[in-house]
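Engineer:
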Amino acid sequence: MAKYSRIEVALAMEDTGMVPLFYHPDVELGKKVLKACYEGGSRLMEFTARGDFAFESFLELSKYALQELPGMIMGVGSITDAAAASMFIQMGANFVVTPSLREDIAITCNRKKILYLPGCGSLTEINRAEELGCEIVKLFPGSVYAPGFVKAIKGPQPWTKVMPTGGVDINEENLREWFKAGVTCVGIGSKLISKEILESGDFDSLRERVKISLATITKIRNA
Numbered sequence: 373m374a375k376y377s378r379i380e381v382a383l384a385m386e387d388t389g390m391v392p393l394f395y396h397p398d399v400e401l402g403k404k405v406l407k408a409c410y411e412g413g414s415r416l417m418e419f420t421a422r423g424d425f426a427f428e429s430f431l432e433l434s435k436y437a438l439q440e441l442p443g444m445i446m447g448v449g450s451i452t453d454a455a456a457a458s459m460f461i462q463m464g465a466n467f468v469v470t471p472s473l474r475e476d477i478a479i480t481c482n483r484k485k486i487l488y489l490p491g492c493g494s495l496t497e498i499n500r501a502e503e504l505g506c507e508i509v510k511l512f513p514g515s516v517y518a519p520g521f522v523k524a525i526k527g528p529q530p531w532t533k534v535m536p537t538g539g540v541d542i543n544e545e546n547l548r549e550w551f552k553a554g555v556t557c558v559g560i561g562s563k564l565i566s567k568e569i570l571e572s573g574d575f576d577s578l579r580e581r582v583k584i585s586l587a588t589i590t591k592i593r594n595a
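Under this note's numbering, think of the first position of the sequence shown as 373, with each following residue one higher.
1) For the alpha helix (DSSP H) that contains residue 580, what are its first and last residues?
2) Whole angstroms is fine: what's the gap from residue 442's alpha carbon to residue 557's?
3) Can you give the Cα-Cα distance for residue 401 and residue 460, rounded to whole angstroms?
4) Can you confirm whether the segment 439-454 touches the segment 579-592 when touching is taken to mean that 3 or more C-beta pairs between the two stretches lie within less than 8 Å?
5) For residue 458, tell me which candidate among 439, 438, 471 and 479 has the shortest Cα-Cα distance.
6) DSSP beta-bridge partners for residue 416?
7) DSSP puts residue 563 in a beta bridge; with which residues?
8) Which residues does DSSP pair with residue 537 in a beta bridge?
9) So, is residue 420 buried or exposed, given that buried needs 16 or more other C-beta atoms within 10 angstroms?
10) Quick test of your reading: residue 515 and residue 491, contact by CB under 8 Å. State the CB separation rounded to the nearest angstrom.
11) In the DSSP assignment, find the unbroken beta strand (DSSP E) run with residue 390 in it and report its ends.
12) Between the alpha carbons of residue 452 and residue 412, how many angstroms are there, rounded?
13) My understanding is that residue 449 touches residue 418, with C-beta atoms under 8 Å, so please give their C-beta distance in whole angstroms.
14) Which residue from 483, 470, 393 and 391 puts its Cα closest to that of residue 374?
15) Tell me the DSSP secondary structure of residue 436 in three-state form.
16) What is the DSSP secondary structure of residue 376, counted as helix, strand or coil?
17) When the distance is taken between beta carbons, is residue 467 closer than 8 Å to residue 493?
18) CA-CA distance, residue 578 and residue 434?
19) Which class does residue 519 belong to by DSSP, given the choice of helix, strand or coil?
20) Just the Cα atoms here: how many angstroms apart are residue 426 and residue 394?
21) Excluding the five sequence neighbours on either side, which residues of its own chain have a C-beta within less than 8 Å of the C-beta of residue 547, listed in chain order?
22) For the beta strand (DSSP E) that residue 467 lies in, which residues bound it at each end?
What follows is the structure, encoded as structure tokens:
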């Protein structure tokens with residue numbers, strides 16, 4: 373079961389401003405990625421469970437985080453049905469992220485007080501997600517909607533909390549556009565944990581990327 377309450381997870385997302393996204397079938401490589409992100413200052417990781425037997429990898433990484441990385445909050449992404457959500461929650465997922473809004477998953481997560489971030493692409497979907505108890509919604513794909521969409525939403529609905537995923541880069545200009553538009557946090561995958569880093573095993577570089585990205589977000593917020 374989850375170690376952290378959904379309020380604790382939501383506050384961690386707001387506090388750090390960034391959720392790294394990662395998937396790889398190699399558990400040992402996954403542990404190195406987790407450790408590098410942790411040492412870089414991240415306390416969140418969304419494991420995008422896309423491959424065959426992904427649940428086995430997540431289970432091992434979840435145990436590793438609990439035993440070796442105090443304060444690291446593991447969640448799961450790319451979930452498409454309530455049964456899968458329930459299974460990953462039993463394996464320790466502290467939050468669940470989906471590509472689209474699924475009411476069955478919202479019910480499953482609410483039942484166990486797990487933070488649920490549904491992928492939304494319209495104000496109607498966002499409103500429905502909030503009615504279902506979602507504290508933060510995932511704007512997906514972020515590359516399609518851009519920061520202007522968030523700014524437009526925040527006008528009539530300043531209470532809405534958004535995490536764009538897809539189309540978010542780690543350069544300061546891109547991050548500034550998103551945060552000035554009003555996002556609560558950003559989800560970043562391959563732009564942060566790149567294919568090149570995974571192939572080369574340059575985890576020192578990953579640690580620095582995470583550290584610099586978090587510092588950039590803090591700088592933007594404090595400007």
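All residues carry an ideal CB built from backbone N, CA and C; glycine is no exception.
Structural biologist: According to the structure data:
1) 575-594
2) 22 Å
3) 20 Å
4) no
5) 479
6) 445
7) In DSSP, residue 563 forms no bridge with anything.
8) 559
9) buried
10) So it is not a contact: roughly 13 Å between Cβ atoms.
11) 390-394
12) 30 Å
13) 4 Å
14) 483
15) helix
16) coil
17) no
18) 20 Å
19) helix
20) 12 Å
21) 540, 541, 558, 585, 588, 589 and 592
22) 467-470
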